[in-house]
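Participant: With the numbering used here as the guide, the letters of the sequence shown map in order to residues 961 to 1473. Each residue gets a CB set at the ideal place from its N, CA and C atoms; glycine is no exception. Handing you this structure, nothing more for now.
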Amino acid sequence: MEVLQPKLNSGKTADYVLEKDWSSHPLGPYEFWPTTLKCALNIIKHSKFPKLIFWGVDLFVFYNDAFRQSIGTEKHPATIGMRFDDAYPESKRRMRPVIEKVLQTGESSYFVDELVPIQRNGCISEAYWTFSHSPLMDEFGTPLGIFLDCFETTDSFTKTSLSRPAARDFKSLSDSLSQPVFATDATGVITYANSSLLAYTGKSFEELQSAGWEDIVPAEDLENVIDDWKDAVALKSSYSTEVRYKKHNGEIRSFLVSCIPVLDVNGSVIRWVGSSFDIQSLKDQEKEKDIFIGMASHELKTPVTSIKAYVQLLLRKYATNEDKLLANSLTKLDAQVNSLTILIKDMLDLSKMKTGNLELNKGQFCVDNIIRDVIDELALVHINHNFNYQNPDKSVIYCDKDRISQVLINLLTNAIKYAPDSYEISITCESTNDTLRVSITDKGIGLSKSDLEHVFERFYRSEGKNQATFPGFGIGLYIAADIVQRHNGSIGAESTLGVGSTFYFDLPISNPV
Ligand code: ADP
């Protein structure tokens, strides 16, 4: 019985396939081609919409008349029957992974308005496409090739197409910026780079796209960059992060990168648009400042320790002296030297934190003892204050006793300093499950909501009109937060302007680690 084989009917591209001598091609003569391939060729031939077939493991290319308009004369008819990689090397990076996934899983996929560069009219054009890839299967469900529906959307898509005024304006605007600007598809593949990013990397757009982020971001930073991006992908939310980019001359500079997702009508991310601000000089200045603080505090430590020793000596000798002016002056001098000593210690701690040299000597301590010791110490100096210690808690915490005392001192001295008209300070302990919370409440000047968001930042001081009257450096809370975090705890504050503040920290009640 004769087996009926589909024949390829009219259509210029179809005619070419029929007329071509395939005997020396790996597929062999047309009559021996698999039925699935012939059927698929018949289907695409009749369609008024651009369609392609990639057949077999070699992905031999076939397309219909409608697709011919998108490729110009350079690729037609030369690419019919060619391996995909040879026919479209410029599209390989974007298309290959998608094709391979469809062949491996047997599941269709699609993408919308994606940049897939194509060589035509003598150059590689940045063309945008909406594609759907379906597997072509045999009767046992084994994928034998790919069936591809595609529409070129370059003209209707205002991203980089120069055919529309909005697109031209976008490109001119982003090219006028000295900051690198980019866009990626939903999967992070670079689909646009402004001239600043190209100049910085010293690459053409095609080189940048095919090299990918691995070539721009130093290898050691890549994991963090990908993690940040994955978080944003999960939330479909804009984000800002610090990223280092490699420059064409080998220099590596830090940028603050802000990215926003562009969503389609269904709320799916279709692309990301990002801008990068060069913060290297700010980082260099910050480093110089850190070095200066480290050196200055180190140099100040020795003379101040010596002054402190002499003041103590004089105090011992003249504390009961008849000359009250002398005795009072020495007491005041001692208090000032103490403040200076604390400031120098904070500055030294700050530079130790920066260099990762702040060491913790942890042990098991009863929090109640630590709090009582600190209160006793402060009560000696602040004789008019009432330190109201509520709910003493006997929980044992695994901590560096001196550092946790330092946190308490910082919070309590702030409660004293920023409440000039009140002498009431409460210290409260609460333990829930495995966590202990210590809170310090004052009835002082309080903080605005916007200040409250920043008080734990380095050098942050509220800018209230009274602030100048409160001496300070803006590092006490930063150090306290760092110490608490190094104990796997957290720190926070609640405050009402003009009413008062509560600063608290939570520490895990746990066995030694
Ligand atoms: P400093 O007190 O040396 O400025 P801190 O880091 O200890 O530095 O505090 C940072 C800022 O937070 C202070 O400048 C002040 O504006 C605010 N602040 C801290 N504690 C309090 C408090 N108890 N009440 C009101 N404002 C406070």
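What does a CB cutoff of less than 7 Å around T1265 pick up in its chain, not counting 5 residues either side in sequence?
Facilitator: The residue you call residue 1265 lines up with position 305 of the sequence shown. Around T1265: no qualifying Cβ.
Participant: For T1388, which residues of its own chain have a beta-carbon under 6 Å away from its beta-carbon, when the five flanking residues on both sides are left out?
Facilitator: Stepping through the sequence shown from its first residue, residue 1388 is reached at position 428. Hits under 6 Å: Q1350, N1351, S1399.
Participant: Let me check you understand the geometry: is the CB of Y1383 closer than 7 Å to at least one non-hydrogen atom of ligand 1?
Facilitator: Walking along the sequence shown from the start, residue 1383 turns up at place 423. Outside the cutoff, so no.
Participant: Alpha carbon to alpha carbon, how far is C1110 from F1478? Give it in angstroms, no decimals.
Facilitator: Nothing about residue 1478 can be read from this structure; the chain reaches only from 961 to 1473.
Participant: Use the C-beta contact count for H985: other C-beta atoms within 10 angstroms, 16 or more gives buried, fewer gives exposed.
Facilitator: Stepping through the sequence shown from its first residue, residue 985 is reached at position 25. Exposed, since its Cβ has fewer than 16 Cβ neighbours within 10 Å.
Participant: Closest to L1274 by C-alpha separation, out of S1132, D1129, N1288, would be which residue?
Facilitator: The sequence position of residue 1274 within the sequence shown is 314, counting from 1. Nearest of S1132, D1129, N1288 to L1274, Cα basis: N1288.
Participant: Between which two residues does the beta strand (DSSP E) harbouring E1086 extend?
Facilitator: As a working note, residue 1086 is residue 126 in the sequence shown. Note, E1086: premise wrong, no beta strand (DSSP E); not H, not E.
Participant: Go ahead and label K1008 buried or exposed: buried means 16 or more other beta carbons lie within 10 angstroms of its beta carbon, across all protein chains shown.
Facilitator: Start at 1 with the first residue of the sequence shown, and residue 1008 comes out as number 48. Answer is exposed; the Cβ neighbour count stays below 16.
Participant: Determine the contact status of N1346 and E1319, defining contact as a CB-CB distance below 8 Å.
Facilitator: Counted from its first residue, the sequence shown places residue 1346 at position 386. Counted from its first residue, the sequence shown places residue 1319 at position 359. Result no, Cβ atoms of N1346 and E1319 do not sit closer than 8 Å.
Participant: Any heavy atom of ligand 1 closer than 7 Å to the CB of L1437?
Facilitator: Translated into positions along the sequence shown, residue 1437 becomes position 477. It does: the Cβ of L1437 is within 7 Å (strictly closer) of some heavy atom of ligand 1.
Participant: Flag S1363 as yes when its Cβ comes closer than 7 Å to any non-hydrogen atom of ligand 1, and as no otherwise.
Facilitator: Along the sequence shown, read from residue 1 onward, the residue named residue 1363 stands at position 403. The question names Ser, but residue 1363 is Arg in the sequence shown. Checking the Cβ of R1363 against ligand 1 gives no.
Participant: Per DSSP, what kind of secondary structure is L1001 in: helix, strand or coil?
Facilitator: By one-based count along the sequence shown, residue 1001 stands at place 41. It is helical.
Participant: Span of the beta strand (DSSP E) holding V1415?
Facilitator: Working through the sequence shown from its first residue, we reach residue 1415 at position 455. Taken as a continuous stretch (DSSP letters only), V1415 belongs to no beta strand (DSSP E), as it is neither H nor E.
Participant: Can you name, in chain order, every residue of its own chain whose Cβ lies under 6 Å from the Cβ of L1368, other than the five neighbours on each side?
Facilitator: One-based indexing of the sequence shown puts residue 1368 at position 408. The answer, listed in chain order, is V1334.
Participant: If I follow the unbroken beta strand (DSSP E) through T1392, where does it start and stop?
Facilitator: In the sequence shown, residue 1392 corresponds to position 432, counting from 1. Residues 1384–1392.
Participant: Have a look at K1207 and T1315 and give me their C-alpha separation to the nearest angstrom.
Facilitator: To locate residue 1207, count along the sequence shown from 1; it is residue 247. To locate residue 1315, count along the sequence shown from 1; it is residue 355. So the alpha carbons of these two residues sit roughly 26 Å apart.
Participant: With burial defined as no fewer than 16 other Cβ atoms inside 10 Å of the residue's Cβ, what is the status of I1376: buried or exposed?
Facilitator: Here the question's residue 1376 lines up with position 416 in the sequence shown. So I1376 counts as buried.
Participant: Can you find the residues in the same chain that come closer than 7 Å, C-beta to C-beta, to S1138, ignoring five residues on each side of it along the sequence?
Facilitator: The count along the sequence shown starts at 1 and reaches residue 1138 at position 178. For S1138, where only same-chain residues beyond five positions count, the Cβ hits under 7 Å are S1156.
Participant: Compute every distance between the C-beta of N1348 and the non-hydrogen atoms of ligand 1, then say whether any falls below 7 Å.
Facilitator: Within the sequence shown, residue 1348 is the residue found at index 388, counting from 1. No, since every heavy atom of ligand 1 falls outside the 7 Å radius drawn around the Cβ of N1348.
Participant: When the Cα atoms are used, what is the spatial distance from F1463 to N1448?
Facilitator: For this step, residue 1463 is matched to residue 503 along the sequence shown. For this step, residue 1448 is matched to residue 488 along the sequence shown. F1463 and N1448: Cα-Cα distance of roughly 17 Å.
Participant: Between L1407 and ligand 1, is there a pair consisting of the residue's CB and a ligand heavy atom that are separated by less than 7 Å?
Facilitator: Locating residue 1407 in the sequence shown gives position 447, where the first residue counts as 1. Yes, since a heavy atom of ligand 1 falls inside the 7 Å radius drawn around the Cβ of L1407.
Participant: Helix, strand or coil for N1474? Go by DSSP, reduced to three states.
Facilitator: Past the edges of the chain, shown from 961 to 1473, lies residue 1474, and the structure says nothing about it.
Participant: Can you give the Cα-Cα distance for P989 and L1096, rounded to whole angstroms?
Facilitator: Position 29 of the sequence shown, counted from the first residue, corresponds to residue 989. Position 136 of the sequence shown, counted from the first residue, corresponds to residue 1096. Distance between the alpha carbons of P989 and L1096 is about 21 Å.
Participant: Only counting the same chain, and skipping five residues up and downstream in sequence, which positions put a Cβ closer than 7 Å to that of V1076?
Facilitator: Residue numbering aside, residue 1076 sits at position 116 when the sequence shown is read from its first letter. Answer for V1076: S1051, R1054, M1055, A1087, W1089, listed in chain order.
Participant: The beta strand (DSSP E) spanning A1153 covers which residue range?
Facilitator: Here residue 1153 corresponds to residue number 193 of the sequence shown, with the count starting at 1. Taken as a continuous stretch (DSSP letters only), the beta strand (DSSP E) holding A1153 covers 1150–1153.
Participant: Near M1307, what residues of its chain come up, given a Cβ to Cβ distance below 6 Å and the 5 sequence neighbours on each side ignored?
Facilitator: What you label residue 1307 is simply residue 347 of the sequence shown in a count that begins at 1. Result list for M1307: I1253, S1257, in chain order.
Participant: Between the Cα of G1234 and the Cα atoms of D1145, E1211, A1279, which residue gives the shortest distance?
Facilitator: Here residue 1234 refers to the residue found at position 274 when the sequence shown is read from its first residue. It is D1145.
Participant: Identify, in the order they occur along the chain, each residue of the same chain with its Cβ nearer than 7 Å to the Cβ of D1250, setting aside the five sequence neighbours on each side.
Facilitator: As a first step, residue 1250 must be located in the sequence shown, where it is residue number 290. Excluding sequence neighbours, D1250 sits near S1311, K1314.
Participant: Suppose the cutoff is 7 Å on Cβ atoms and the five residues either side in sequence are ignored; what does the same chain contact list for S1386 look like?
Facilitator: In the sequence shown, residue 1386 corresponds to position 426, counting from 1. Excluding residues within five positions, the ones whose Cβ falls inside 7 Å are N1348, Q1350, T1401.
Participant: Taking 7 Å as the cut-off, is the C-beta of E1446 nearer than that to any heavy atom in ligand 1?
Facilitator: Locating residue 1446 in the sequence shown gives position 486, counting from the first residue. Checking the sequence shown, residue 1446 turns out to be Arg, not Glu. Not so, every heavy atom of ligand 1 lies at least 7 Å from the Cβ.
Participant: Quick one: give me the first and last residue of the alpha helix (DSSP H) that W1189 is part of.
Facilitator: Locating residue 1189 in the sequence shown gives position 229, where the first residue counts as 1. W1189 -> alpha helix (DSSP H) spans 1179–1195.
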